[in-house]
Amino acid sequence: MLRSFTRTFVSLAIFLSFALYVHAQALSFSVGTAIAAPGQKSTGYLEVPTGVDAATNIPVIVINGAKHGPVLALVSGAHGTEYTSIIAMEKLINLLDPSQLAGTVILIPLVNIQSFEQKVPHINPIDNKSMNRYYPGKADGTQTERASFLITKQVVDRCDYLIDYHGGDLDESLRPYAYWAPTGRETQDRISKEMVLAFGLDHIIIWRDRSTDLAATRYLDNTSTARGKPSIVVEAGYAGIVEADDVALLVDGTMSTMRALKMVSGEPRPVQNPVWLDRVVDILSDGPGIWYPLAKRGTYVQEGMKIGFVTDYFGKVILETRAPVSGVILHINAVPSLRKGDNIADIGTIATHAP
Ligand SMILES: [Zn+2]
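Just so you know, the working numbering puts 338 at position 219 of the sequence shown, and the rest follows in order with no gaps.
Here you go:
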């Protein structure tokens with residue numbers, strides 16, 4: 120009797136542990152080679168295979184919460200020298216605790232590894248393409264396109280919400296701001312607006328009229344937005360400088376947004392009276408030269424105000440740069456070098472009404 124009871128008990132225990140194992144496998148979440156069971160954090164890579172050019176491995180962290188909830192994707196380092204956003208992601212890897220999390224976070228801290236390692240701004244030096252212009256990507260394209268294709272399949276298609284992190288690149292002196300892109304879809308726009316307000320950056324660009332063609336979404340956030348997922352872009356940091364205050368803006372903003380999405384406990388701290396900007400006007404260089412700024416990032420300028428000048432290599436002034444519109448300098452060229460077509464500054468114009 121006792122022996123048969125023991126046998127039954129052992130069989131039952133084996134069956135239960137097998138059932139629990141199957142259940143945990145079913146609930147585990149994998150992205151690339153990172154696989155995390157509920158309550159676990161796992162690291163791995165999105166493996167971009169060799170194609171017309173070299174292969175690359177993009178680091179990915181999956182934080183699978185102990186509780187049920189949505190999937191949030193956090194992506195940074197498409198421009199690998201926008202360091203502040205990358206450092207903020209590294210902090211979040213350690214800060215996010217799967218035992219306290221409802222839902223799953225897919226965290227990609229550094230998309231453009233070659234840009235980071237070789238200190239090349241704006242582009243992936245392997246194929247000279249920006250890693251935030253070729254979405255949804257191509258399986259048989261160059262490295263940037265293959266990486267974008269993989270991120271679309273493995274990250275965008277799997278998430279419910281997405282935040283794309285940027286900042287001033289090595290040559291950009293930038294004040295922090297966010298982008299919010301309304302779509303006309305009421306529920307999606309309400310949630311994405313709640314996300315951007317919860318994030319807390321006090322200048323928000325309203326980014327309208329974006330491509331809805333799923334094969335030509337170009338930007339990561341738009342790839343996600345066009346697929347019906349509330350998404351925002353946030354920017355902080357500038358010119359290769361990593362300041363603790365800027366890192367904190369991105370880390371605290373992420374936590375506040377996750378509170379708004381009910382993924383972590385606590386109340387969000389939304390920005391109360393943000394400055395809404397309805398247009399961004401680029402000022403481009405029309406020739407090579409040496410740039411002398413007369414205004415700083417974040418300065419409010421009036422149309423026609425001189426914000427800097429350009430000389431040739433003999434010291435002769437060849438151009439006075441004036442603000443084409445009234446607004447706020449979102450970023451301004453941080454270094455003397457200027458080529459034809461380079462971006463001298465971006466000015467955001469203040470929206471007459473909050474959306
Ligand atoms: Zn960027």
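Don't be surprised by glycine CBs; every beta carbon is placed ideally from N, CA and C. What you are looking at is a predicted structure, and each value in this text was computed from that prediction instead of being measured.
Distance from the Cα of L165 is smallest, within the candidate group I205, A153 and Q159, for A153. Taking C-alpha positions only, D172 is separated from A473 by approximately 46 Å.
DSSP places N231 in no alpha helix (DSSP H); its state is neither H nor E.
Here the C-alpha atom of R378 lies approximately 18 Å from the C-alpha atom of A207.
Remark: the C-beta of G359 is outside contact range of ligand 1, defined as less than 8 Å to any heavy atom.
In the structure shown, I242 falls within a coil segment according to DSSP collapsed to helix, strand and coil. Residue pairing for L457: DSSP places it in a beta bridge opposite G408.
Counting along the chain, the unbroken beta strand (DSSP E) around T162 starts and ends at Q159 to V167. Within the same chain, and ignoring the five residues on either side of E313 in sequence, the residues whose Cβ sits closer than 6 Å to its Cβ are A379. Relative to the non-hydrogen atoms of ligand 1, the Cβ of H285 comes within a distance shorter than 8 Å of at least one. Here the segment 388 to 395 does not lie against the segment 405 to 416, with fewer than 3 beta-carbon pairs under 8 Å apart. Distances between the C-beta of D461 and the heavy atoms of ligand 1 are all 8 Å or more. Using a cutoff of 8 Å, the CB of H198 counts as near ligand 1, since one of the ligand's heavy atoms is closer than that. Judged by DSSP in its simplified three-state form, G427 adopts strand. Remark: the C-beta of D276 is outside contact range of ligand 1, defined as less than 8 Å to any heavy atom. Short of 8 Å from the beta carbon of L214, and not among the five residues preceding or following it, lie these beta carbons of its own chain, in chain order: V370 and M374. Counted as a single uninterrupted DSSP element, the alpha helix (DSSP H) harbouring T203 occupies residues Y202 to L214. The shortest C-alpha to C-alpha distance from I437 to any of V444, F428, A197 and R329 is the one to F428.
For N183, the enclosing beta strand (DSSP E) covers residues T175 to N183.
With a beta-carbon spacing of about 6 Å, H241 and D288 fall inside the 8 Å limit used to define contacts.
Here S195 is bridged, per DSSP, to Y284. Comparing alpha carbon positions, the residue from A442, R252 and I409 closest to M424 is A442. Between S311 and the set Y432, G256 and D283, the nearest pair of CA atoms involves D283.
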